[in-house]
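The next block holds one structure in the form of structure tokens; read it before the comments.
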Amino acid sequence: MTSQPEKSHTGISKGLLILIAIACGITVANVYLSQPILNEIAQSFHASPETASLVTTMAQVGYAIGIMFLVPCADSLSGRKLSTILLICTTIALIACALAPSLQWLVAASLLLTMFTVIPQVLIPLAVSLAQEGKTGVVIGTVQTGLIMGILLSRTLSGFLADLAHTWRASYIFAAILNALLLIILTRMLPEVENKGLTWKRYVGLISSMPGMLVKFPALVLSALLGFLVFGAFSAFWATLAYYLSSDKFHMGLAAIGLFGLWGAPGALLAPRMGKLSDRYGVKKINIISIFAVFAAFLLFALPHAYVIAALVVGVNLLDFGLQSGQISNQARIFKLPAEYRARLNTVYMVFTFFGGAIGAAIGSYIWANHGWTAVCIFSGVLLAFALIILLAMSPAEKKRAGD
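Mapping the sequence shown onto numbering that gives the first Met the number 0, position 5 (from 1) lands on 4, and the numbers just tick up by one.
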């Protein structure tokens, strides 16, 4: 007689929750691989920084497309089957990136890569569905730790590997190996759940139902707008940081630039604790804290040159803490809504978030090329001001409809 998996106080087995967190970290890392090596990519293909930034911009767009058109399938297909299909496609796309003979090829392959690497958005609703009532924030916070580590280490390892191997392609080769290993492990360990089956009619129904959710659920609209604006500011920073640090002011190499992802680890790893606080005190308070933390980060980033390295180290902690705690609050808000819509609610939220990231990265790159670093910080500050205004304006409607 086999023993039952050990349960944590959240209702989901500890081993499965850790596995999901690790899987989310490995796969979300694919979205951010290019950020610390953009300057190297630009030099490799003799492209301008603005043109090379299309790799990062299309990575955000691809992720949003994948969330929009692939993640809703989780409401009709088992998480295990969908994750297997997506991981196979992700591994192939990583190999295509590593072998890219031109910048156009790399841009297209990055779009496909991130379109398929939406596994975290399949696994997060699965973890939430296994959680005990009232423990949603704790479970999201735990999975978010995996996501955070994936984001942080992707930038650090990407820069380090590219520097060590003297080619940006090494980052994609290493990621392909990791994702192939994950494919073997995850498909064996994820539990089998009832497979409802996915027909074309059902798929069209799932996709077509999502716009109506924005009308039906004000809490979803609020979370989506906050995600759009805050992640837009976050992406403007990371899309331009590599250029800023490799400029004549600093002359930093790839490994040093990648380390800035790791410098933000303390702040980012503190963020999951906000999941428990959001369960206790409500998501609005955590959202306000998160917006002010990110705003404070950009104030530090805009300091004069003499203080910029210290300001960047402190600011990256505030930036990562603010973004991740806001993400936990936004998802905790929408996961209070009816469970049968969970995958699609998360889809709408993440589509807004990553389109915000794509627009923020594109505009941030343009501002950097034409107006410099301080203008990027001002642009991000304006986005955050809008986020705070929207939060304060929409919270009464959210409270009335969602019971927060």
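We put the CB at the ideal spot given by N, CA and C, even for glycine.
Y62 and V30 have their C-alpha atoms roughly 8 Å apart. Across the structure, A310 and T198 are spaced so that their CA atoms are roughly 53 Å apart. With fewer than 16 other Cβ atoms from the protein chains shown falling within 10 Å of its own Cβ, D247 counts as exposed.
Leaving aside the five residues that flank L382 on each side, the residues in its chain whose CB is nearer than 6 Å to its CB run, in chain order, L228, G231 and A232. In the structure shown, S12 adopts extended strand secondary structure according to DSSP, grouped into three states. Spanning the alpha carbons of K13 and L152 requires a straight line of approximately 23 Å. For H370, the enclosing alpha helix (DSSP H) covers residues R341 to H370. Annotation for M188: L18 place their beta carbon closer than 6 Å to its own, counting only its chain and skipping 5 residues before and after. Cβ contact annotation for A95 (same chain, cutoff 8 Å, sequence separation greater than five): W104, A108, L111 and L112, in chain order. With at least 16 other beta carbons inside 10 angstroms of its own, G266 counts as buried. Assigned with DSSP and collapsed to three states, K248 falls in coil, not helix or strand. For G65, the closest of C88, F115 and T83 by C-alpha to C-alpha distance is F115.
Between the beta-carbon of G257 and that of S157 there is about 6 Å, and that keeps the pair under the 8 Å contact cut.
Residues of the same chain with a CB within less than 7 Å of the CB of L81, apart from the 5 flanking positions on each side, are C72, A73 and V121 in chain order. CA-CA distance, L93 to A392, rounds to 43 Å.
Contact fails between the segment 162-174 and the segment 45-56, because fewer than three Cβ pairs, one in each stretch, are under 8 Å apart. Segment contact: the segment 236-250 against the segment 208-223, fewer than three CB-CB distances shorter than 8 Å; contact not assigned. Between the alpha carbons of Y348 and K215 lies a gap of roughly 14 Å. The beta-carbon distance between S128 and R341, rounded to whole angstroms, is 7 Å. This is short enough to meet the 8 Å contact definition. For the pair L86 and N178, the CB atoms are nearer than the 9 Å cut-off.
Sequence-distant Cβ neighbours of A20 in its own chain, meaning closer than 7 Å and more than five residues away, are T141, V142, T144 and G145. Shortest Cα-Cα distance from L53 to any of L102, F68 and W262 involves L102.
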